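*Asks:* Each residue of the sequence shown is one higher than the one before, counting from 0 in numbering that gives the first Met the number 0. Every residue gets a Cβ at the ideal spot worked out from N, C-alpha and C, and that includes glycine. Every value quoted in this text rests on a predicted model; they were computed, and no experiment measured them. Submitted below is the structure of interest, expressed as structure tokens.
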Amino acid sequence: MTQVVLGENEGIDSALRRFKRQVSKAGILADVKYHRHFETPLEKRKRKLVAARRKRRFR
0 MTQVVLGENE GIDSALRRFK RQVSKAGILA DVKYHRHFET PLEKRKRKLV
50 AARRKRRFR
């Protein structure tokens, strides 16, 4: 669970930036996109290409 605690005199913009950074670092959005019900053909091809590159690199 990602959460951001506001500091004293901290603006909402900087807190939002920190939250977005934590979400992207945790991979939450990528996980949501992966578990989405419908995947377009372009997304499917891209995902398979990335997986193949990753598999080839770690061999």
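In whole angstroms, what separates the C-alpha of residue 46 from that of residue 57?
*Replies:* Locating residue 46 in the sequence shown gives position 47, counting from the first residue. Locating residue 57 in the sequence shown gives position 58, counting from the first residue. Near 17 Å, if we compare the C-alpha coordinates of residue 57 and residue 46.
*Asks:* DSSP on residue 31, reduced to helix/strand/coil?
*Replies:* The residue given as residue 31 occupies position 32 in the sequence shown. Three-state DSSP puts residue 31 in a helix.
*Asks:* Which stretch, first to last residue, makes up the alpha helix (DSSP H) that contains residue 42?
*Replies:* Sequence index remark: in the sequence shown, residue 42 carries index 43 (1-based). Per DSSP, residue 42 belongs to the alpha helix (DSSP H) from 40-56.
*Asks:* My guess is that residue 17 and residue 3 are in contact by the Cβ rule of under 8 Å, so how many angstroms apart are they, rounded?
*Replies:* By one-based count along the sequence shown, residue 17 stands at place 18. By one-based count along the sequence shown, residue 3 stands at place 4. So it is a contact: roughly 5 Å between Cβ atoms.
*Asks:* So the alpha helix (DSSP H) residue 21 belongs to, where does it begin and stop?
*Replies:* In the sequence shown, counting from the first residue as 1, residue 21 sits at position 22. Looking at the DSSP string, the run of the alpha helix (DSSP H) that includes residue 21 is 11-25.
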